[in-house]
Amino acid sequence: MSDGAHRHKVVIIGSGFGGLFGTRALKRADVDVTLVAKTTHHLFQPLLYQVATGILSEGEIAPATRMVLRKQRNVEVLLGEVTDIDLENRTVTSHLLERTTVTPYDSLIVAAGADQSYFGNDQFAEFAPGMKNIDDALELRGRILGAFEQAELSHDHEERMRLLTFVVIGAGPTGVELAGQIAEMSDNTLKGAFRNIDPTEARVILLDAAPAVLPPMGKKLGDMAAKRLEKMGVEIQLNAMVVDVDADGLVVREKDGTERRIEAQCKVWSAGVAASKLGAVLAEQSGAEIDRAGRVRVLPDLTIPGNPNVFVVGDMMLVDGVPGMAQGAIQGSTYAAKAIIAGLKGQSPADRKPFKYFDKGSMATISRGDAVAKVGKLEFGGFFAWLGWLALHLWYIVGYQNRVITLTSWGVTFLTNKRGQMTITEQQVYARTALDALQTGAKKAIPPVHTSSPRALHKTEAPAAKAPATAPSKDAEQAG
Ligand SMILES: Cc1cc2nc3c(=O)[nH]c(=O)nc-3n(C[C@H](O)[C@H](O)[C@H](O)COP(=O)(O)OP(=O)(O)OC[C@H]3O[C@@H](n4cnc5c(N)ncnc54)[C@H](O)[C@@H]3O)c2cc1C
Numbered sequence: 001m002s003d004g005a006h007r008h009k010v011v012i013i014g015s016g017f018g019g020l021f022g023t024r025a026l027k028r029a030d031v032d033v034t035l036v037a038k039t040t041h042h043l044f045q046p047l048l049y050q051v052a053t054g055i056l057s058e059g060e061i062a063p064a065t066r067m068v069l070r071k072q073r074n075v076e077v078l079l080g081e082v083t084d085i086d087l088e089n090r091t092v093t094s095h096l097l098e099r100t101t102v103t104p105y106d107s108l109i110v111a112a113g114a115d116q117s118y119f120g121n122d123q124f125a126e127f128a129p130g131m132k133n134i135d136d137a138l139e140l141r142g143r144i145l146g147a148f149e150q151a152e153l154s155h156d157h158e159e160r161m162r163l164l165t166f167v168v169i170g171a172g173p174t175g176v177e178l179a180g181q182i183a184e185m186s187d188n189t190l191k192g193a194f195r196n197i198d199p200t201e202a203r204v205i206l207l208d209a210a211p212a213v214l215p216p217m218g219k220k221l222g223d224m225a226a227k228r229l230e231k232m233g234v235e236i237q238l239n240a241m242v243v244d245v246d247a248d249g250l251v252v253r254e255k256d257g258t259e260r261r262i263e264a265q266c267k268v269w270s271a272g273v274a275a276s277k278l279g280a281v282l283a284e285q286s287g288a289e290i291d292r293a294g295r296v297r298v299l300p301d302l303t304i305p306g307n308p309n310v311f312v313v314g315d316m317m318l319v320d321g322v323p324g325m326a327q328g329a330i331q332g333s334t335y336a337a338k339a340i341i342a343g344l345k346g347q348s349p350a351d352r353k354p355f356k357y358f359d360k361g362s363m364a365t366i367s368r369g370d371a372v373a374k375v376g377k378l379e380f381g382g383f384f385a386w387l388g389w390l391a392l393h394l395w396y397i398v399g400y401q402n403r404v405i406t407l408t409s410w411g412v413t414f415l416t417n418k419r420g421q422m423t424i425t426e427q428q429v430y431a432r433t434a435l436d437a438l439q440t441g442a443k444k445a446i447p448p449v450h451t452s453s454p455r456a457l458h459k460t461e462a463p464a465a466k467a468p469a470t471a472p473s474k475d476a477e478q479a480g
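Mapping to full-length UniProt numbering: the sequence shown position 54 is 54, numbers consecutive.
Structure (structure tokens):
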């Protein structure tokens with residue numbers, strides 16, 4: 001409870017859907033909030049595929065968190081990757097380059113989300129990047145457009161075919177949306193832009209080890225989406241498990257055990273997710289259970305055993321019937337914020353009502369003017385589903401200005417087939433792995449800063465030892 005000398009301190013880890021909406025829900029509460037995130041922005045992940053395919057710019061879907069929250073006076077935003085949570089001493093430890101920060105908390109909301117999972121085959125990542133953050137989306141844009149550029153220069157038929165074959169691994173909503181957009185881009189946007197190749201000859205393959213497209217949306221909508229994608233020329237290959245990936249292609253194992261190779265330069269992985277490793281940190285100290293995807297089995301009030309002040313929300317939480325979707329994170333973190341506020345008013349954790357998820361439905365776009373949607377028992381597809389998808393996504397994009405710019409970009413793309421964000425740089429495609437390697441080592445440690453108050457951080461903030469000019473950390477890269 002707050003008193004004159006000490007305001008209740010809430011630390012929130014992550015600036016995604018869970019982190020941002022939880023922070024906003026504490027706007028009028030008598031608390032100090034510290035939001036720690038490893039990226040400077042709030043990312044609207046559902047539209048990452050549009051950045052990858054040149055419809056939107058990264059700024060449209062990822063406004064700076066600090067700017068979004070600048071008017072919320074009870075919040076400070078810290079950039080840093082959280083590596084440790086000490087439940088006994090109630091502290092969170094984060095790092096930015098060589099700087100370590102230790103932040104104490106009275107209540108903690110952990111919303112660090114999930115990363116791509118390669119199901120134990122992390123070596124696939126180099127050749128089939130996933131799509132979880134802005135860097136991934138820009139790298140993919142570079143890989144997709146770069147493949148067309150290389151094909152234009154090739155005089156060898158087989159090589160051209162390899163360069164013009166795009167394989168999307170994973171037929172969930174992200175895979176469906178990405179495959180549809182690559183097909184639209186090659187058939188419409190790029191038509192007539194090359195002299196030696198015909199982009200409309202590009203092959204787009206959507207494959208999955210499961211027997212269905214869009215399994216979470218059910219058979220009817222899955223079949224509908226598959227038919228529409230096939231009409232656009234996307235090849236759908238189901239019951240096909242990827243067992244190897246290299247620079248020039250991939251190997252697929254069929255249900256009967258036979259293996260075949262697909263020659264393709266550009267591969268995209270959208271097949272699985274693994275929750276933040278912070279879940280394991282919490283589980284180890286609290287005895288909470290974690291599942292194979294690293295999600296924490298939380299109590300009915302979204303806290304972990306023995307820690308009624310520590311909430312785990314969003315993609316990191318395991319609650320039966322709650323999908324890994326934006327609404328799960330938004331509703332979970334809003335619930336946690338309300339529980340914290342009720343606690344300040346004297347409510348005991350034992351009196352909290354269990355978290356209840358309200359399913360608002362799910363949607364996936366297939367192409368311009370076409371989507372599938374499931375709202376309650378209602379399942380439908382086509383133009384009205386697409387309009388609903390547009391409206392809903394526009395509503396949840398953060399910031400009025402971003403909504404206007406996004407609407408304009410959509411107008412350009414959907415009415416003219418043109419895309420405003422087709423720029424790629426060499427670094428987007430090749431530099432990331434090199435930078436990661438260079439970044440290892442060569443870091444001087446600065447003694448940890450304890451942020452018992454916002455001022456403490458500012459007071460002790462000494463000029464950092466310079467990071468190697470050629471090796472910015474991933475955070476610094478994203479900050480740019
Ligand atoms: C490509 C794609 C498409 C999607 N499409 C849809 C869709 O159409 N509809 C839908 O409802 N859902 C969709 N989702 C899922 C949805 O985006 C997630 O369920 C939602 O973002 C989860 O919110 P979260 O707050 O748990 O995690 P996130 O939004 O992922 O946020 C995690 C935050 O934690 C930060 N972070 C991570 N680790 C650390 C650390 N160690 N230290 C500090 N900060 C850290 C990250 O920088 C980020 O700010 C999609 C996801 C992806 C990847």
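For every residue, glycine included, the Cβ atom is placed at its ideal position computed from N, Cα and C.
| For PHE119, is the classification buried or exposed, using 16 other Cβ atoms within 10 angstroms of its Cβ as the cut-off for buried? | Here the question's residue 119 lines up with position 119 in the sequence shown. The residue is exposed, with fewer than 16 neighbouring Cβ atoms inside 10 Å.
| Based on Cα-Cα distance, which residue from ARG297, GLY381 and ARG292 lies nearest to SER286? | Locating residue 286 in the sequence shown gives position 286, counting from the first residue. Answer by Cα proximity: ARG297.
| DSSP on GLU235, reduced to helix/strand/coil? | Position 235 of the sequence shown, counting from 1, holds the residue named residue 235. Correct three-state label for GLU235: strand.
| said: Let's test the definition: count the other Cβ atoms within 10 Å of the Cβ of PRO46 and tell me whether it reaches 16, buried, or not, exposed. | reply: By 1-based counting over the sequence shown, the position of residue 46 is 46. Classification of PRO46: buried, given that the 10 Å Cβ count is 16 or more.
| task | Kindly list the residues whose CB is nearer than 6 Å to the CB of VAL273, restricted to its own chain and excluding five residues on each side of it in sequence; keep chain order. | result | Looking up residue 273 in the sequence shown gives position 273. Only ALA114 and SER117 meet the Cβ criterion.
| Between the beta-carbon of GLU379 and the beta-carbon of LEU214, is there less than 8 Å? | Looking up residue 379 in the sequence shown gives position 379. Looking up residue 214 in the sequence shown gives position 214. Cβ distance not < 8 Å, so GLU379 and LEU214 don't count as in contact.
| message | Please report the distance separating the alpha-carbon of LEU390 from that of ILE424. | response | Position 390 of the sequence shown, counted from the start, is the residue given in the question as residue 390. Position 424 of the sequence shown, counted from the start, is the residue given in the question as residue 424. The straight-line gap from Cα to Cα measures roughly 26 Å.
| So ILE18 and GLY314 are in contact, right, with Cβ under 8 Å, and what is the actual spacing, rounded? | Here residue 18 refers to the residue found at position 18 of the sequence shown. Here residue 314 refers to the residue found at position 314 of the sequence shown. In the sequence as displayed, the identity of residue 18 is Gly instead of Ile. 3 Å between Cβ atoms; contact.
| Limits of the unbroken beta strand (DSSP E) element including PHE119 | Here residue 119 refers to the residue found at position 119 of the sequence shown. Neither: PHE119 is in no beta strand (DSSP E) and is coded neither H nor E.
| request: Could you tell me the distance, in whole angstroms, from the CA atom of LEU229 to the CA atom of GLN237? | output: Along the sequence shown, read from residue 1 onward, the residue named residue 229 stands at position 229. Along the sequence shown, read from residue 1 onward, the residue named residue 237 stands at position 237. Taking the straight line joining both Cα atoms gives about 12 Å.
| task | Can you grab the Cα-Cα spacing for the pair PHE124 / CYS266, in whole Å? | result | In the sequence shown, residue 124 corresponds to position 124, counting from 1. In the sequence shown, residue 266 corresponds to position 266, counting from 1. Using only the alpha carbons, I get a separation of about 12 Å.
| task | May I ask whether a heavy atom of ligand 1 can be found less than 7 Å away from the beta carbon of GLY222? | result | Stepping through the sequence shown from its first residue, residue 222 is reached at position 222. Answer for GLY222: no, Cβ out of range of ligand 1.
| request: Using beta-carbon positions only, say whether VAL398 and VAL68 come within less than 8 Å of one another. | output: If you number the sequence shown from 1, residue 398 lands on position 398. If you number the sequence shown from 1, residue 68 lands on position 68. For VAL398 and VAL68, yes; Cβs fall inside 8 Å.
| What are the start and end residues of the alpha helix (DSSP H) that includes LEU145? | On the sequence shown, residue 145 is found 145 positions in, with the first residue counted as 1. Start and end: 134 to 153.
| said: Excluding the 5 residues flanking ARG7 on each side, which residues of the same chain have their C-beta closer than 7 Å to its C-beta? | reply: Taking the first residue of the sequence shown as 1, we reach residue 7 at position 7. Here the set comprises ASP30, VAL31 and ASP32.
| said: Considering Cα atoms alone, identify which of LYS132, THR200 and VAL176 is closest to MET185. | reply: Start at 1 with the first residue of the sequence shown, and residue 185 comes out as number 185. Residue THR200 is the option with its Cα nearest to MET185.
| field | Reduced DSSP category for ASP86 - H, G, I as helix; E, B as strand; rest coil | value | Along the sequence shown, read from residue 1 onward, the residue named residue 86 stands at position 86. In the structure shown, ASP86 sits in a strand (DSSP, three-state: E or B).
| task | Let me know the secondary structure DSSP gives ALA456 once reduced to three states. | result | Sequence index remark: in the sequence shown, residue 456 carries index 456 (1-based). Bear in mind that a pLDDT of 37 at ALA456, under 50, signals an unreliable position, so the number given afterwards is only what the model happens to contain. Helix at ALA456.
| request: Look up PHE17 in the DSSP assignment and say whether it is helix, strand or coil. | output: For the purposes of this step, residue 17 is taken as residue 17 along the sequence shown, with counting starting at 1. Of the three classes helix, strand and coil, the one that applies to PHE17 here is helix, per DSSP.
| request: Return yes when at least one heavy atom of ligand 1 lies under 7 Å from the C-beta of ASP187, else no. | output: Residue 187 sits at position 187 when you count from the first residue of the sequence shown. Outside the cutoff, so no.
| field | ASN196, buried or exposed, once every other Cβ within 10 Å from all chains shown has been counted against 16 | value | As a first step, residue 196 is located in the sequence shown; it is residue number 196 there, counting from the start. That one is exposed.
| Selection from HIS41, VAL412, GLY80 and GLY420 that minimises the alpha carbon distance to ASP135 | Locating residue 135 in the sequence shown gives position 135, where the first residue counts as 1. Answer by Cα proximity: HIS41.
| said: Could you check whether the Cβ of PHE17 sits closer than 7 Å to any heavy atom belonging to ligand 1? | reply: As a first step, residue 17 must be located in the sequence shown, where it is residue number 17. The answer is yes for PHE17.
| query | Should TYR400 be labelled buried (16 or more other beta-carbon atoms within 10 Å of its own) or exposed? | reply | Here residue 400 refers to the residue found at position 400 when the sequence shown is read from its first residue. Result: exposed.
| request: Return the residue from the list ASN309, GLY343 and MET317 that minimises the CA-CA distance to GLY332. | output: For the purposes of this step, residue 332 is identified with residue 332 of the sequence shown, where counting begins at 1. Taking only the C-alpha atoms, the option nearest GLY332 is MET317.
| said: Using 8 Å as the threshold, is the C-beta distance between MET217 and VAL375 below it? | reply: Counting from one through the sequence shown, the residue named residue 217 turns up at place 217. Counting from one through the sequence shown, the residue named residue 375 turns up at place 375. Contact: no.
| query | Exposed or buried, what is GLU76 when buried is set at 16 or more other beta-carbons lying within 10 Å of its beta-carbon? | reply | Residue 76 sits at position 76 when you count from the first residue of the sequence shown. Buried, by the Cβ-count rule.
| Within the present structure, is the beta-carbon of GLU379 separated from the nearest heavy atom of ligand 3 by less than 7 Å? | You won't find ligand 3 in this model; what it holds is ligand 1.
| request: Would you mind reading off the limits of the alpha helix (DSSP H) that contains ARG253? | output: For the purposes of this step, residue 253 is taken as the residue at position 253 of the sequence shown. Unbroken run through ARG253 is the beta strand (DSSP E), 249 to 253; no alpha helix (DSSP H).
| query | When every heavy atom of ligand 1 is checked, does at least one fall within less than 7 Å of the C-beta of GLN285? | reply | On the sequence shown, position 285 is the one that residue 285 refers to. GLN285 Cβ: outside cutoff for every heavy atom of ligand 1.
| request: Whole angstroms is fine: what's the gap from MET161's alpha carbon to ARG203's? | output: Within the sequence shown, numbered from 1, the residue matching residue 161 stands at position 161. Within the sequence shown, numbered from 1, the residue matching residue 203 stands at position 203. Taking the straight line from one Cα to the other gives about 8 Å.
| query | In this structure, what does DSSP give as the bridge partners for GLY382? | reply | As a first step, residue 382 is located in the sequence shown; it is residue number 382 there, counting from the start. ALA371.
| query | Are the beta-carbon atoms of VAL102 and THR91 separated by less than 8 Å? | reply | Residue numbering aside, residue 102 sits at position 102 when the sequence shown is read from its first letter. Residue numbering aside, residue 91 sits at position 91 when the sequence shown is read from its first letter. In contact: VAL102 and THR91 (Cβ atoms closer than 8 Å).
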